[in-house]
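Participant: Below is one structure. I have some questions about it.
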Amino acid sequence: MAKTSSDTGSKKPSKSSTKPPKTTKPPKTPPPPASLLINAWEQDPGASAAADGGTLIQRSVTQLSATPLPTKITHPSAAPAAGVYMPATAEFRYWACADALRRGSDFWGGLIAGVQWQVGATLPVDLDHGQDLNAYYDRVGLRFFHGSVRGRTFYSGESPDVVCHELGHALLDAIKPQLWDAASLEVAAFHESFGDMSALLTALQLPSVRHSALAETQGVLYRSSALSRLAEQLGWAIRQSYPDAVESDCLRNAVNSFSYTAPQHLPSSGPASVLSAEAHSFSRVFTAAFFEGLAGMFKAQPSQDENGLLRASHDAATLLVAGIGSAAVVPAFYSQVAAQMILAAKQQFAALSYAQALKSAFVRHGILSPAAAATTETASPRGMAEPAAELARVSLSVAEYGLSDEEVHVYAPSQAAQLAVAGGARGMGSSPDTAPTDAARAFLEHLLRRGRLKPQEEKGGQTRGLVARSTAPDTHETHTHELRREGKDLVLRRLRIDCGPYCTHH
Ligand SMILES: [Zn+2]
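The opening position of the sequence shown corresponds to residue -4 in the working numbering, with each subsequent residue numbered one higher.
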């Protein structure tokens, strides 16, 4: 059974025109009419290792079309009447997704003035795009799916963790569009990390989540909890078929001890217990460092309570956005974002010890070497990077891969870094720099190994033989990239950011 708690975010009590009877307690604020309330999951329909047990909350109905960052559920095309529906109904799913979308838009839109979706004014959302244990963002909109496991059907679009993760991809694409086509394992992983950070930060905007997170962790936020565990139900569903592909009690956990290694030195895939170059796996390093940094920023608050946690969540998101804006797109992208976040903390929040909290977290997770962290002591922050600055297009010789052309053109992570920082090497010191073209080649080969590059169509309907996946869905495409003919060049372009890589598309 689902627990319930009330979290309507309702406004101040309305004044009553009649005086309360003298002998009884003042009447409670009358609840809003039932039609103005909806039911939603607080964070996820699942709980720990179980498929069920998430907390239900009641919320005031909101407008998706409102600013900032309007969204629109395009499938189903008509909104059901707002109301308090029970889980496992189409009406519940609609309003549960809508509530998470609105919360994500309000949170990010409140931090970044004037930001607009890549796709235009309104971000379209397909609540059920077909059968898959999956969700993805392309430059059309967000797509959620349904999947059946052990006689049960799950809908990825009813989990706020999953919805706010996908919304995070669309948001990051809006604020740093150069990342979209970047041929870089670390950039692709950062996109996944941003999705998970979006889920964590958006969840923290609910008073009930702040309350339960502080209670469950006894104020030490960087401990495994319902907050740090992401997408428990999707994790359960995947675990039934691929037990080593996900954590034992969730999809991913923001509390983990993975330490940075340059991803081109990691295996291209692996079980959840090891770090691999696969974007979701490698994303866990940055997510954990950020979450530990957030915990340190909370400790720096004058009040160790829900208000302090709310403030820390806003400030951490502010610094994250500032760091992303200033970070150069280079092979060691994590270290650039981390260093720029520390510089922004020193500049914007000099009175609080945020910079120290972030520095400690990034060094502990190997994203900054101790020497790199020391350079943030003397460096001055750089202004926001030029938003329109495209990455350099470089050609790679690919004769050995059996593609149609001898060379392909890719957008290499080749921006000029203003800060010479790097992640920690294994053992001691800093990771050596990777040349942008080497990082791009590692990325292309990763796509080939994982079967994520869409086969090239040839005359007569033949496709060039690339690695096929054993269980790719046949109802929709899940390739992340294609080689597109542009003039006489063959250019590597991203098609979508696919978020269900572990199981269904090995
Ligand atoms: Zn994702």
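All C-beta atoms, glycine included, are put in the ideal place defined by N, C-alpha and C.
According to DSSP, is Lys17 part of a helix, a strand, or is it coil?
Facilitator: The residue given as residue 17 occupies position 22 in the sequence shown. Because the pLDDT at Lys17 is just 44, under 50, the model does not fix this residue reliably, and the value given afterwards should be weighed accordingly. If DSSP states are grouped into helix, strand and coil, Lys17 belongs with coil.
Participant: Can you list, in chain order, the residues of its chain whose CB lies under 7 Å from that of Thr19, leaving out five sequence neighbours each side?
Facilitator: Working through the sequence shown from its first residue, we reach residue 19 at position 24. Note that Thr19 scores 49 on pLDDT, short of 50, meaning its location in the model is unreliable; the coordinates nonetheless yield the value given after this. Excluding residues within five positions, none has a Cβ falling inside 7 Å.
Participant: What residue ranges within the region 232 to 311 form continuous beta strand (DSSP E) runs of no fewer than 3 residues, ordered along the chain?
Facilitator: none
Participant: Cutting at 6 Å between CB atoms, please list the residues of its own chain near Pro65, excluding the five before and the five after it.
Facilitator: The residue labelled residue 65 in the question sits at position 70 within the sequence shown. Taken in chain order, the residues that qualify are Thr117.
Participant: Measure how close the beta-carbons of Ala46 and Arg147 come, nearest whole angstrom, since I'm counting them as under 8 Å.
Facilitator: What you label residue 46 is simply residue 51 of the sequence shown in a count that begins at 1. What you label residue 147 is simply residue 152 of the sequence shown in a count that begins at 1. Correct: roughly 7 Å between the Cβ atoms.
Participant: For Pro506, name the three-state secondary structure that DSSP assigns.
Facilitator: Absent from the model: residue 506. The displayed extent of the chain is -4 to 501, so no value can be given.
Participant: Taking 8 Å as the cut-off, does the region 163 to 171 touch the region 50 to 60 (at least 3 CB pairs, one atom from each stretch)?
Facilitator: no
Participant: Leaving out five residues on either side along the sequence, give the residues of the same chain with a beta carbon under 6 Å from the beta carbon of Ser390.
Facilitator: As a first step, residue 390 is located in the sequence shown; it is residue number 395 there, counting from the start. Correct list, in chain order: Glu402, His404.
Participant: Can you give the Cα-Cα distance for Ser399 and Arg88, rounded to whole angstroms?
Facilitator: Locating residue 399 in the sequence shown gives position 404, counting from the first residue. Locating residue 88 in the sequence shown gives position 93, counting from the first residue. Looking at the two C-alpha atoms, the distance is approximately 45 Å.
Participant: Should the region 322 to 336 be regarded as contacting the region 406 to 416, the criterion being three or more beta carbon pairs within less than 8 Å?
Facilitator: yes
Participant: Return yes when at least one heavy atom of ligand 1 lies under 8 Å from the C-beta of Cys494, else no.
Facilitator: For the purposes of this step, residue 494 is taken as residue 499 along the sequence shown, with counting starting at 1. Here the distance from the Cβ of Cys494 to the nearest heavy atom of ligand 1 is below 8 Å.
Participant: Are the CB atoms of His476 and Leu485 within a distance shorter than 9 Å?
Facilitator: Numbered from 1 along the sequence shown, position 490 holds the residue referred to as residue 485. Numbered from 1 along the sequence shown, position 481 holds the residue referred to as residue 476. Cβ distance not < 9 Å, so Leu485 and His476 don't count as in contact.
Participant: Contact check, Gly288 vs Phe189 under 8 Å by CB: the rounded distance?
Facilitator: As a working note, residue 288 is residue 293 in the sequence shown. As a working note, residue 189 is residue 194 in the sequence shown. That pair is no contact at about 14 Å.
Participant: Quick check: what's the CA-CA separation for Leu442 versus Ser179?
Facilitator: By one-based count along the sequence shown, residue 442 stands at place 447. By one-based count along the sequence shown, residue 179 stands at place 184. Distance between the alpha carbons of Leu442 and Ser179 is about 11 Å.
Participant: Please classify Gly115: is it buried, with 16 or more other beta-carbons within 10 angstroms of its beta-carbon, or exposed?
Facilitator: Taking the sequence shown and counting its residues from 1, the one referred to as residue 115 is at position 120. Exposed, by the Cβ-count rule.
Participant: So, helix, strand or coil for Gly482, using DSSP?
Facilitator: In the sequence shown, the residue the question calls residue 482 occupies position 487. Reduced to three states, the DSSP call for Gly482 is coil.
Participant: Could you say which of Leu229, His206, Thr432, Met423 lies nearest to Cys245 if we only look at CA atoms?
Facilitator: Translated into positions along the sequence shown, residue 245 becomes position 250. The shortest C-alpha separation from Cys245 is found at Leu229.
Participant: I'd like to confirm something about Gly230: is its beta-carbon nearer than 8 Å to some heavy atom of ligand 1, or not?
Facilitator: Position 235 of the sequence shown, counted from the first residue, corresponds to residue 230. No, since every heavy atom of ligand 1 falls outside the 8 Å radius drawn around the Cβ of Gly230.
Participant: Going by DSSP, what residues sit across from Lys67 in a beta bridge?
Facilitator: The count along the sequence shown starts at 1 and reaches residue 67 at position 72. Note: Lys67 sits in a beta bridge opposite Pro119.
Participant: Taking Cβ to Cβ, would you say Ala95 is nearer than 9 Å to Pro155?
Facilitator: Taking the first residue of the sequence shown as position 1, residue 95 is located at position 100. Taking the first residue of the sequence shown as position 1, residue 155 is located at position 160. Yes, the pair counts as a contact, with Cβ atoms nearer than the cut-off.
Participant: Counting only runs that start and end within the region 358 to 444, where is the beta strand (DSSP E) found for 3 or more residues in a row?
Facilitator: 388 to 392, 402 to 406
Participant: Please identify the residue among Ser151, Thr473, Pro238 whose C-alpha is closest to the C-alpha of Trp36.
Facilitator: On the sequence shown, residue 36 is found 41 positions in, with the first residue counted as 1. For the residues Ser151, Thr473, Pro238, the minimum Cα distance to Trp36 belongs to Ser151.
Participant: Comparing alpha-carbon positions, which option in Ser355, Ala327, Val316, Ala323 lies nearest Met336?
Facilitator: In the sequence shown, residue 336 corresponds to position 341, counting from 1. Nearest option by C-alpha distance: Val316.
Participant: With H, G and I counted as helix, E and B as strand and the rest as coil, what does DSSP make of His160?
Facilitator: Reading the sequence shown from its first residue, position 165 is the one you call residue 160. Note: His160 maps to helix in three-state DSSP.
Participant: Which residue from Gln126, Ile68, Gln235, Ser298 puts its Cα closest to that of Gly214?
Facilitator: Sequence index remark: in the sequence shown, residue 214 carries index 219 (1-based). Nearest of Gln126, Ile68, Gln235, Ser298 to Gly214, Cα basis: Ser298.
Participant: Just reading off the beta strand (DSSP E) that Asp133 is part of, what are its end residues?
Facilitator: Locating residue 133 in the sequence shown gives position 138, counting from the first residue. Residues 130 to 133.
Participant: For Val324, does the three-state DSSP call read helix, strand or coil?
Facilitator: Position 329 of the sequence shown holds residue 324. Here Val324 sits in coil by DSSP.
Participant: Can you tell me which of Gln113, Thr282, Arg234 puts its alpha carbon nearest to the alpha carbon of Gly361?
Facilitator: Here residue 361 is taken as the residue at index 366 of the sequence shown, counted from 1. With distances taken between Cα atoms, Gly361 lies closest to Thr282.
Participant: So within the region 143 to 202, which uninterrupted alpha helix (DSSP H) runs reach at least 4 residues, ignoring any that extend past its ends?
Facilitator: With a minimum length of 4 residues, the continuous alpha helix (DSSP H) runs that stay inside the region 143 to 202 are 155 to 170, 180 to 198.
Participant: Using three-state DSSP, classify Leu448 as helix, strand or coil.
Facilitator: To locate residue 448, count along the sequence shown from 1; it is residue 453. Reduced to three states, the DSSP call for Leu448 is strand.
Participant: What are the boundary residues of the beta strand (DSSP E) that includes Trp36?
Facilitator: Residue mapping note: residue 36 aligns to position 41 of the sequence shown, counting from 1. Unbroken beta strand (DSSP E) run through Trp36: 32 to 36.
Participant: Please tell me whether Asp310 and Phe344 are closer than 9 Å, where the distance is taken between their beta carbons.
Facilitator: To locate residue 310, count along the sequence shown from 1; it is residue 315. To locate residue 344, count along the sequence shown from 1; it is residue 349. Contact flag set, yes.
Participant: Residues in the same chain with beta-carbon distance under 6 Å from Ala394, minus the five sequence neighbours each way, listed in chain order, please.
Facilitator: By one-based count along the sequence shown, residue 394 stands at place 399. Only Glu401 meet the Cβ criterion.
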